[in-house]
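Engineer: Take a look at the following structure, please.
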Amino acid sequence: MLKIDMRKIYNFYPIEPAPDPAELPTSGDIYYECLNCTEIVNSVPFIKSACSCGNLTGCDGKLFVKTPESVRVVRGKLR
Ligand SMILES: [Zn+2]
Numbered sequence: 259m260l261k262i263d264m265r266k267i268y269n270f271y272p273i274e275p276a277p278d279p280a281e282l283p284t285s286g287d288i289y290y291e292c293l294n295c296t297e298i299v300n301s302v303p304f305i306k307s308a309c310s311c312g313n314l315t316g317c318d319g320k321l322f323v324k325t326p327e328s329v330r331v332v333r334g335k336l337r
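What the sequence shown shows, in this note's numbering, is residues 259 to 337, in sequence order.
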């Protein structure tokens, strides 16, 4: 899979207070940082995307999170 370093394109800001892992928010400008492998995936992924440890996998606008407690919710702004 093509890997893009999202941090080269966006600045990420953690959402405070941290959302409840049971009800993670989703939005086009909201991203999840996987705390296991540090990769960042959009919360509404329209292309097939996944982090390298497999905690976050998604496509067609749906993201599946295996362990929500291992996710930091961040907002991405284009650099
Ligand atoms: Zn991961």
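Note that the Cβ used here is the ideal one computed from N, Cα and C, for glycine as well.
1) Does the beta carbon of C311 fall short of 7 Å from some heavy atom of ligand 1?
2) Rounded to whole angstroms, what is the Cα-Cα separation between V329 and C309?
3) Taking the alpha-carbon positions, what's the C317 to N300 distance?
4) Using only the alpha-carbon positions, how far apart do C295 and F304 sit?
5) Taking the Cβ atom as the reference point for each residue, do P302 and G319 lie within a distance shorter than 8 Å?
Structural biologist: Let me lay it out:
1) Under cutoff, so the answer is yes.
2) Answer to the nearest angstrom: the Cα atoms are 11 Å apart.
3) Rounded to the nearest angstrom, the two C-alpha atoms are 10 Å apart.
4) Those two C-alpha atoms are separated by around 21 Å.
5) For the record, residue 302 in the displayed sequence is Val; it is not Pro. Yes, they are a contact pair.
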